[in-house]
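In what follows, a single structure is set out as structure tokens and then discussed.
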Amino acid sequence: MPYGGDIHGQYSDLLRLFEYGGFPPEANYLFLGDYVDRGKQSIETICLLLAYKIKYPENFFLLRGNHECASINRIYGFYDECKRRFNVRLWKVFTDCFNCLPVAALIDEKILCMHGGLSPDLKNLDQIRNIARPVDVPDQGLLCDLLWSDPDKDIEGWGENDRGVSYTFGPDKVAEFLQKHDLDLICRAHQVVEDGYEFFAKRQLVTIFSAPNYCGEFDNAGAMMSVDDTLTCSFQILKPSDKKGKIGFGNNLMKPGTPPRKVINYMSHEKDIYCKIAYFGWKRLADDTRSGCYILVLWMVAGMSDTASPSLPAIPGIRIQEQTL
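Residue 203 in my numbering sits at position 197 of the sequence shown; the count goes up by one each step and never skips.
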């Protein structure tokens with residue numbers, strides 16, 4: 007099963023991921039959130055993902071990221087894209103959909119997946135199962151931390167987060183959590199990493215980021231992770247384009263800067279939405295893009311699975327394979 011990280015409206019790169027990993031249902035997928043904002047084609051991106059979820063609910067899983075939240079995507083591009091290309095009503099329908107997304111997935115009782123990271127309020131996994139949906143993301147607490155927190159190799163315990171939201175956590179907290187809950191790996195997204203993936207805490211946590219050349223500013227690769235029944239982690243790497251980004255990398259994880267109260271506008275052209283799905287083929291979903299979006303989102307709200315529970319056998323011990331695409 008391939009695991010995908012942040013997409014952020016980079017629709018053409020999402021299609022590349024499917025070309026390399028196989029279009030559903032040829033392969034099962036789990037995406038870790040942040041589908042919208044910043045990129046030029048957030049609407050196409052989220053509609054394709056929702057369409058796959060509707061068509062293959064047992065093969066395709068979508069978790070919620072911190073940008074699947076009205077207070078965030080109202081500022082960082084998605085609201086503006088919906089308003090410019092269609093209307094505010096469409097954005098509100100997407101907001102209702104995002105409030106229903108699950109926030110974590112447990113793979114065969116061994117791999118815990120979420121968008122952000124751990125929380126000081128997280129004592130047992132039933133707390134996650136008991137989060138009622140639909141729900142908006144609060145400014146603090148368990149749900150906020152699952153979508154916003156970050157690992158930090160330079161601290162022990164819990165620390166302040168430079169984002170101004172949630173916490174950072176050290177390698178000791180990762181090891182403590184895995185041991186307590188008999189887990190092998192934490193899989194998360196939420197931060198730009200140079201090679202598309204990066205391990206933390208002696209390979210007990212991995213960050214996956216699937217948007218190469220993020221925002222046209224970073225010279226990063228994108229990646230997908232696959233895990234087989236021996237817990238071998240394989241990474242498919244999407245190389246950045248030859249045109250170098252403006253921002254390089256040091257030794258630390260780079261945060262996909264979410265500066266407060268800065269409005270980002272993007273230009274794109276209205277077009278019909280097409281989805282490459284076995285049932286539809288390459289077929290226009292409606293006479294105009296606006297109707298197609300409404301249909302997809304309403305289907306999603308009506309038919310979305312309540313839980314993200316793909317099955318994957320896991321054996322302790324992690325091995326790494328890398329393939330550059």
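For each residue, glycine too, the CB sits at the ideal point set by N, CA and C.
- Pairwise C-beta distances place the region 11-19 in contact with the region 209-223, as three or more of them are shorter than 8 Å.
- By the Cβ neighbour-count rule, V42 is buried, with 16 or more other Cβ atoms within 10 Å of its own.
- Between N167 and the set P177, G176, D160, D156, the nearest pair of CA atoms involves D156.
- Exposed is the label assigned to A138, since fewer than 16 other Cβ atoms lie within 10 Å of its Cβ.
- Under the Cβ criterion (8 Å, minimum of three pairs), the region 121-131 does not count as touching the region 83-96.
- Closest in alpha carbon position to L131, among D40, K186, D225, L69, is K186.
- About 20 Å separates the beta carbon of I117 from that of L23, a gap too long to meet the 8 Å contact definition.
- Remark: C-beta atoms of C239 and M230 do not approach each other more closely than 8 Å.
- The residue from K61, D40, Y62 with its alpha-carbon nearest to that of I52 is D40.
- Burial state of N136 is exposed, judged by a 10 Å Cβ sphere holding fewer than 16 other Cβ atoms.
- A check of alpha carbon separations from S77 across F241, V233, V143, E182 identifies V143 as the nearest.
- If you look at P8, you'll find it in the beta strand (DSSP E) that goes 8-10.
- Looking at K46, G83, Y35, the one whose alpha-carbon comes closest to that of L55 is Y35.
- Its Cα nearest to that of G228, the residue E200 stands out among E200, A57, I134.
- When only Cα atoms are considered, A207 and A181 end up about 7 Å apart.
- The Cβ atoms of V171 and W154 sit closer than 8 Å to each other.
- One alpha carbon belongs to L68, the other to Q197, and they sit about 18 Å apart.
- Residue state for R80 is assigned as coil, using DSSP reduced to three classes.
- In this structure, DSSP gives F37 an extended state, which the three-state scheme calls strand.
- Around the CB of R169, 16 or more other CB atoms lie within 10 Å, so the residue is classed as buried.
- For D234, the CB contacts under 8 Å within the same chain, skipping 5 residues up- and downstream, are S240 in chain order.
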